[in-house]
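Residue numbers for the sequence shown, in the working numbering: 13 to 351. Working notes for the structure below.
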Amino acid sequence: MISPQFSEDAKEERYSHWPEAPQVLLHRLLVKVESVLLGKQQVIRNTLTALLAGGHVLLEDVPGVGKTLLAQAFARAVGGDFKRIQFTSDMLPADIVGGVVLDARTSELVYRPGPIMGNVVLADEINRTSPRTQSALLEAMEERRVTVEGKTRKLPVPFMLIATQNPLSFEGTNTLPEAQLDRFMMRLTIGYPGSSEEKRMLEQYANGNRMEPERLRPVIATEEWLQMQAEARQTHMHPALLEYMVQVADATRRAPEVVLGLSPRALRDWLRASQANAYMEGRGFAIPDDLLATADAVLPHRLSLRFNATAAGADAAAVMRRTIRECPMPAAVGSGKRR
């Protein structure tokens, strides 16, 4: 969780332009979201880290564990415009990005925005639609824009995509292409709640005091959120940490069981996530722990294993953890006095 030294009255000089330390606001946001999704502090923390870093999140889990609740709660807490896309097998790209229609009053062609035009967009059950329709998200995720009928339109700022998918063992699901998987900063699972959290949830439903996302009030204004994102990207990364990241990527590309190793985009996302993690802890510089804290969520889904390795029981997450262990981590890095 966010460092305890950031209490309600804690504030450092570099945050003097804030009414209160941004870490206090971020902690308040975490508490708000956790009131909706009980007992899932780590997945909530990881989601916030990815969104603060300007990335997108893929939630893979069975139905009913709270994937949609999580996306809705973040949208409400950040105060952005929330849009939802329910993917189906017969959906077309225009159902996502919008299209040009004839205005009967003016007899002119006008652009009708699609649900992608939101600040926080939930792409629900993304792997239930065709690869052609899934590809409509590629430009939006990477370049924050869509092209319709030859004209490019920018997406709202900020733009954050939270996608959900069911496990591939479920009927009617399609594998996401590597190009799309690589555009998700983090791939997370929520999992079933613990017994105590599940009982508490049932008690809330029974007593009629269950906190729904619609009841959440914004914790952070959109302008504050954009400023936090900009400040997080200014977090100092020591050259030794950058060298370590390159070594890890090179090791995955040379691993015998790996077909596709970490891409340059994967390293960029790992960098951004580590900066955001340090920022949430109130530091103006990253340390090795920031890389380790974000690696599990950012890196494994970027790897493609060989068929014989998968058949032998190899797992991308295990390969990634082994690679990180085998690459020598810098023992200590300084702040570079950058604040």
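All C-beta atoms, glycine included, are put in the ideal place defined by N, C-alpha and C.
Continuous alpha helix (DSSP H) stretch holding residue i: start and end
| i | result |
| --- | --- |
| Arg212 | 207–219 |
| Arg57 | 53–64 |
| Leu200 | Segment 198–200 is the beta strand (DSSP E) holding Leu200; no alpha helix (DSSP H) there. |
| Phe94 | Per DSSP, Phe94 belongs to no alpha helix (DSSP H); it is in the beta strand (DSSP E), 94–98. |
| Arg40 | 34–46 |
| Glu243 | 234–244 |
| Glu269 | Premise fails: Glu269 is in no alpha helix (DSSP H) and is neither H nor E. |
| Thr80 | 79–90 |
| Asp281 | 276–292 |
| Leu193 | 190–193 |
| Ala326 | Unbroken run through Ala326: none, as it is neither H nor E. |
| Arg144 | 143–146 |
Of the listed residues the options, nearest to residue i (C-alpha basis)
| i | options | result |
| --- | --- | --- |
| Arg143 | Val109, Gln84, Asn186 | Strictly speaking, residue 143 in this sequence is Pro, with Arg absent from that position. Taking only the C-alpha atoms, the option nearest Pro143 is Asn186. |
| Met153 | Arg265, Met129, Glu161 | Met129 |
| Ser47 | Pro105, Ala85, Pro75, Thr335 | Ala85 |
| Asn139 | Cys339, Asp102, Leu42 | Asp102 |
| Leu193 | Ala252, Gln177, Tyr204 | Gln177 |
| Ala267 | Asp327, Val77, Leu41 | Asp327 |
| Thr61 | Met240, His248, Asp262, Leu279 | Met240 |
| His250 | Leu283, Thr145, Leu188, Ser275 | Leu283 |
| Asp73 | Ala89, Arg88, Ala87, Val55 | Val55 |
| Leu317 | Ala106, Gly294, Leu272, Asp281 | Leu272 |
| Glu32 | Gly126, Glu236, Arg212 | Glu236 |
| Ala305 | Gly296, Met198, Asn320 | Met198 |
| Arg88 | Asn131, Thr141, Val122 | Asn131 |
| Ala106 | Lys95, Thr118, Gln146 | Gln146 |
| Gln35 | Arg295, Ala307, Pro300, Glu155 | Arg295 |
| Leu188 | Glu155, Thr141, Ser207, Glu209 | Thr141 |
Straight-line gap, residue i to residue j (C-alpha atoms, nearest Å)
| i | j | result |
| --- | --- | --- |
| Ala298 | Ala329 | 23 Å |
| Arg337 | Glu255 | 15 Å |
| Leu64 | Thr234 | 12 Å |
| Arg165 | Asn219 | 47 Å |
| Thr335 | His68 | 24 Å |
| Arg333 | Pro312 | 9 Å |
| Met341 | Ile202 | 29 Å |
| Asp302 | Ala288 | 9 Å |
| Gly66 | Pro225 | 22 Å |
| Gly325 | Glu120 | 58 Å |
| Val258 | Arg314 | 15 Å |
| Pro205 | Arg222 | 16 Å |
| Lys163 | Val112 | 10 Å |
| Glu293 | Val43 | 16 Å |
| Gly76 | Leu49 | 12 Å |
| Leu214 | Val310 | 33 Å |
| Thr247 | Arg157 | 27 Å |
| Arg195 | Asp115 | 36 Å |
| Val270 | Ala285 | 24 Å |
| Leu51 | Leu228 | The question names Leu, but residue 51 in the sequence shown is Gly. The straight-line gap from Cα to Cα measures roughly 18 Å. |
| Arg124 | Lys211 | 45 Å |
| Ala244 | Pro276 | 20 Å |
| Leu331 | Val122 | A quick correction: the sequence has Val, not Leu, at residue 331. Approximately 50 Å between the Cα atoms of the pair. |
| Thr118 | Arg96 | 30 Å |
| Pro127 | Ala343 | 47 Å |
| Arg351 | Arg57 | Per-residue confidence for Arg351 stands at a pLDDT of 38, beneath the threshold of 50, marking its modelled position as unreliable; the derived number appears in the next sentence. Answer to the nearest angstrom: the Cα atoms are 24 Å apart. |
| Cys339 | Gln216 | 47 Å |
| Gly91 | Asn320 | 47 Å |
| Leu238 | Leu173 | 16 Å |
| Asp281 | Ser207 | 35 Å |
| Pro300 | Gly78 | 32 Å |
| Gln53 | His39 | 11 Å |
Whole-number beta carbon distance between residue j and residue i, since they are thought to touch under 8 Å
| i | j | result |
| --- | --- | --- |
| Val109 | Val160 | 6 Å |
| Leu200 | Thr322 | Going by Cβ atoms, the distance from Leu200 to Thr322 rounds to 21 Å, so no, they are not a contact pair. |
| Leu150 | Ala191 | 6 Å |
| Val231 | Leu41 | 5 Å |
| Phe99 | Asp136 | 6 Å |
| Ala261 | Leu279 | 6 Å |
| Thr80 | Leu134 | 6 Å |
| Ala175 | Leu70 | 5 Å |
| Pro168 | Asp93 | 7 Å |
| Leu253 | Thr264 | With a Cβ gap of about 17 Å, Leu253 and Thr264 do not count as contacting. |
Where the beta strand (DSSP E) through residue i begins and ends
| i | result |
| --- | --- |
| Thr159 | 157–160 |
| Asp302 | Element bounds for Asp302: not the beta strand (DSSP E) but the alpha helix (DSSP H), 300–310. |
| Pro125 | 120–125 |
| Val5 | Within the shown structure, residues of the chain are numbered from 13 to 351, placing residue 5 beyond reach of any answer. |
| Thr164 | 163–166 |
| Val69 | 69–72 |
| Met341 | Run containing Met341: none; DSSP gives neither H nor E here. |
| Leu173 | 172–177 |
| Asp136 | 132–136 |
Residue i Cβ short of 8 Å to the ligand FAD heavy atom set
| i | result |
| --- | --- |
| Ser208 | Among the components of this structure there are no ligands whatsoever, and the ligand FAD is therefore not found. |
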